Amino acid sequence: MQPNQPSPPIAALMLAAGYSRRFGADKRRLVLADGRSLLAASLALPCSMLEDVWLVLRPDEALTELELPQGVHIVQNPATAEGMGHSLAAGAERLLAESRADAVAIFLADMPSIRRHSLEALMACAAPDRIVLPSHQGKRGHPVLFGRRFWAQLAELSGDTGARPVIQRNPDAVQILELDDPGLLLDVDTAEDWQRL
């Protein structure tokens, strides 16, 4: 457990099972100016602040090719090839079975610019019965934190819509946190996004 980690204990779940179809190549392996891959750069923040980090990968992935940090728990499930909802469900199932955390922060593997203070602020609001949504200039971003009470609903997701149905089903549990961090919105879906990054 990291010394500054607040209570309740929080896990991280990073979704990295997509096939980068809009980008046209495996964007997770793109190399940033500092020599790290996009995936490694996106993992750096949760790995530096949380002990319980889970990574959802493609079902046929060769793990040795991705140079993953030690201690990251890997989730590989045949259904993850069918969309983000399936990836979330596979990750949530494993968390329910194996994690003792009271909340999970959902990260995307193409968002390396989230600031540390943003994650600290989000974690300070986490609770087992709360969904915490980050916002920058009125636009919702990532990571979204789900209290353990909602993990079973995440485990029922399918398709490619992400966790939106769980958020819509539980409006009274949602807390939106406005943060001064454009990195909460900055992902890499296209070559133009990559150039901006």
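Its first residue numbered 1, the sequence shown is counted upward by one per residue in full-length UniProt numbering. Just so it is clear, CB atoms sit at the ideal spot from N, CA and C, and this is done for glycine as well. Since we're looking at a predicted model, the values are computed, not measured.
Are the Cβ atoms of residue i and residue j separated by less than 9 Å?
i: residue 81; j: residue 59; result: yes
i: residue 108; j: residue 180; result: no
i: residue 95; j: residue 11; result: yes
i: residue 27; j: residue 110; result: yes
i: residue 185; j: residue 116; result: no
i: residue 105; j: residue 126; result: yes
i: residue 174; j: residue 133; result: yes
i: residue 41; j: residue 32; result: yes
i: residue 15; j: residue 84; result: yes
i: residue 176; j: residue 135; result: yes
i: residue 97; j: residue 79; result: no
i: residue 69; j: residue 30; result: no
i: residue 100; j: residue 9; result: yes
i: residue 47; j: residue 71; result: yes
Restricting to Cα atoms, I'd like to know which of the options is closest to residue i.
i: residue 216; options: 131, 61 and 183; result: Any property of residue 216 remains undetermined from this structure, which presents the chain solely from 1 to 197.
i: residue 124; options: 144, 139 and 137; result: 144
i: residue 76; options: 48, 69 and 62; result: 62
i: residue 112; options: 17, 9, 37 and 13; result: 37
i: residue 88; options: 100, 152, 9 and 99; result: 152
i: residue 139; options: 183, 98 and 157; result: 183
i: residue 162; options: 52, 149 and 141; result: 141
i: residue 150; options: 53, 137, 168 and 178; result: 168
i: residue 156; options: 137, 53 and 86; result: 86
i: residue 137; options: 178, 160 and 51; result: 178
DSSP beta-bridge partners for residue i?
i: residue 145; result: 105 and 132
i: residue 242; result: This structure cannot settle anything about residue 242, because the visible part of the chain is limited to 1 through 197.
i: residue 73; result: 54
i: residue 15; result: 56 and 108
i: residue 37; result: 31
i: residue 153; result: Answer by DSSP bridge pairing: none, since residue 153 is not bridged.
So residue i and residue j are supposed to be a Cβ contact under 8 Å. How far apart are they, rounded?
i: residue 102; j: residue 35; result: Incorrect: roughly 36 Å between the Cβ atoms, too far for contact.
i: residue 49; j: residue 119; result: 6 Å
Review point. In chain order, which beta strand (DSSP E) runs of at least 3 residues are fully inside the stretch 97-133?
Key: 103-108
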